[in-house]
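Below is one structure, written out as structure tokens; the observations come after it.
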Amino acid sequence: MKASTVIFASFLAAASASSMSEHEAFFNLLKRQEPGSPAYNCHNNCGTAITISKSDANVCSNEAFKSGYANCLQCAGPDNFNIWRIYGRTLTPVGSKCGLSTTPLSGKQPDVPDAKPASSGSSSSSVSSAASSPATSVASSSVVSSTPTSAATSSPSPSGNLTTSPIPPPPQQTTNGAAGLQVSGTTAGIFGFVVMGAMYFY
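Mapping the sequence shown onto the numbering used here, position 10 (from 1) lands on 32, and the numbers just tick up by one.
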């Protein structure tokens with residue numbers, strides 16, 4: 023009786039696992055992740071908006087956030103890639119706080135461009151001014167050599183008249199697992215049957 027239950031559970035797990043082949047799941051994931059594809063750009067815009075919303079205190083005035091958020095609303099609706107149901111949980115409260123629409127556009131929309139980098143927002147002017155100012159202090163040395171020393175060629179040290187501003191960290195490159203949910207569900211089903219069979223024996 024116990025062996026037949028395990029065999030039946032194994033058969034059922036194998037049958038459910040074969041509904042989507044490993045190659046099919048892999049190629050579906052690659053198709054979504056192909057850089058420059060409309061689906062990739064949509065996920066990239068929504069993800070960039072989320073990243074900026076979590077790292078920038080002035081998110082409502084950040085141009086990269088506003089661009090990514092608007093593009094996400096355009097491409098994430100039910101008539102397009104229908105991913106607002108995933109990203110909307112995080113972006114809706116931020117959009118409401120900023121006074122932006124929280125409803126994705128309906129109807130087939132044109133493809134969105136690639137997301138603006140997160141650093142192109144409100145803090146870019148302070149970064150460019152700090153990067154363009156020359157270094158005013160170089161390590162002093164009494165020995166002159168024909169080869170540059172590491173102290174003289176190291177990164178410039180800021181002078182007293184530069185202002186520092188917090189620069190948000192660059193966005194993390196992530197891989198959204200939404201396309202693999204069916205595979206994950208199958209794996210969870212197999213694991214569940216194995217656990218049920220093990221519990222039956224003990």
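Beta carbons: idealized from backbone N, C-alpha and C, even for Gly.
- Put simply, the backbone Cα of I105 is about 16 Å away from that of P115.
- Three or more Cβ pairs closer than 8 Å define a contact, and the segment 74-82 falls short of that threshold against the segment 126-135.
- For G117, the enclosing alpha helix (DSSP H) has its first and last residue at W106 to K119.
- Contact check for I72 against L113 passes: the beta carbons are separated by less than 8 Å.
- Distance from G211 to T27 at the Cβ level is roughly 16 Å; contact not present, criterion being Cβ atoms closer than 8 Å.
- An exposed status is given to G58, since fewer than 16 other beta-carbon atoms sit within 10 Å of its beta-carbon.
- Here the alpha carbon of P100 sits roughly 15 Å from the alpha carbon of P60.
- Per DSSP, the unbroken alpha helix (DSSP H) holding G90 starts and ends at E85 to C97.
- Between A140 and A98, the CB-CB gap reaches or exceeds 8 Å.
- When only Cα atoms are considered, K138 and Y222 end up about 55 Å apart.
- The beta carbon of V134 sits closer than 7 Å to the beta carbons of N63, C64, N67, N93, Q96 and C97 from its chain, once the five residues preceding and following it are set aside; these are given in chain order.
- Per DSSP, C82 is not a residue of any alpha helix (DSSP H), being assigned neither H nor E.
- When secondary structure is reduced to three states using DSSP, T27 falls in the helix class.
- 8 Å or more divides the Cβ of G110 from the Cβ of Y91.
- Straight through space, the alpha carbons of T70 and I108 are spaced by roughly 14 Å.
- Distance from the CA of V216 to the CA of V81, rounded to the nearest whole angstrom, comes to 47 Å.
- Its chain contains Q131 as the residues whose beta carbon lies nearer than 6 Å to that of N102, once the 5 sequence neighbours on both sides are disregarded; these appear in chain order.
- Under the three-state reduction of DSSP, F213 is assigned to helix.
- Apart from sequence neighbours up to five positions away, the residues of its chain that approach S89 with a beta-carbon distance below 7 Å are K138, ordered along the chain.
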